[in-house]
Every structure is written in structure tokens, then in C-alpha cells.
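Below: one structure, written as C-alpha cells.
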Amino acid sequence: MSVKSMFDFKFPAAGREEGVALAEAVGHDMPPLAGCEGYEIIQDVADPGHVMVNTQWASQEMANTALSHYQHDAKIKRATELMGAPSPGFVGNIRVKV
């Protein structure tokens, strides 16, 4: 069953441009990973430094495997530095899809 991973990036104004570019690069890195079925990047219209990267995966196992390896990527490390804390996120079941 498909699941989604959601990661919430909130970059301060001073690091917004770099941070948004990093979040977009993270999204673009996902499709070649095993089990990735697609992704979307959503930017808050009221706060351009607030970006969500949502990725759909074929299974929870595939999501967890890909994301556990990816957490050590240089882009994630730099995004964490800019935000001052790791990006909150989770892997969740898709309950309703219309």
C-alpha cells in the first residue's frame, strides 16, 4: 500500500533562498530511489520560507529505507543548519484520496 513522507522546512528570511533551493533539490533527488512514485513541493503563499516536500512511496518499508539513508545527505545537513533544527516529518498512510 502506498504511503507518503512529509517533511516541513521553515527557513528564516536570511537563509530563505538557499533553503528553498535545498528543499527543491531534496524533492528532485527522490524519483530515482527505489519505491518512489512521485513527489510534490508546496510553498506557503504567506511565508515563502516555509516549504513542504511530500513524496509518495510504494510501501512504508521502501520509504523508511530510502529516507534513513538520505538523512545523511549534505543537503539535509545544510538545511538543518539553516533552520537550526532538523525538519519535522513523518511517513503516513493515505487515508482519503479523491
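Position one of the sequence shown corresponds to residue 159 (my numbering), numbered consecutively onward. Virtual Cβ for every residue (Gly too), placed ideally from N, Cα, C.
Local Cβ density within 10 Å of residue i, reported as buried at 16 or more and exposed below that
i: GLY242; result: exposed
i: SER217; result: exposed
Inter-residue Cα distance where the pair is residue i and residue j
i: GLY207; j: ALA172; result: 10 Å
i: PHE167; j: HIS227; result: 19 Å
i: PRO189; j: GLU195; result: 7 Å
i: GLU219; j: ARG174; result: 32 Å
i: GLY177; j: ASP205; result: 13 Å
Secondary structure of residue i, DSSP reduced to three states
i: MET241; result: helix
i: VAL184; result: helix
Beta-carbon proximity list for residue i, same chain, < 7 Å, skipping 5 on both sides
i: ALA221; result: VAL161, SER163, GLY193, TRP215 and VAL249
Spell out a yes or no on whether the segment 211-222 and the segment 185-203 are touching, meaning 3 or more CB-CB pairs, one atom from each, closer than 8 Å.
Touching, yes.
Is the number of C-beta pairs between the segment 223-242 and the segment 184-192 that are closer than 8 Å three or more?
Flag = yes, the segment 223-242 and the segment 184-192 touch.
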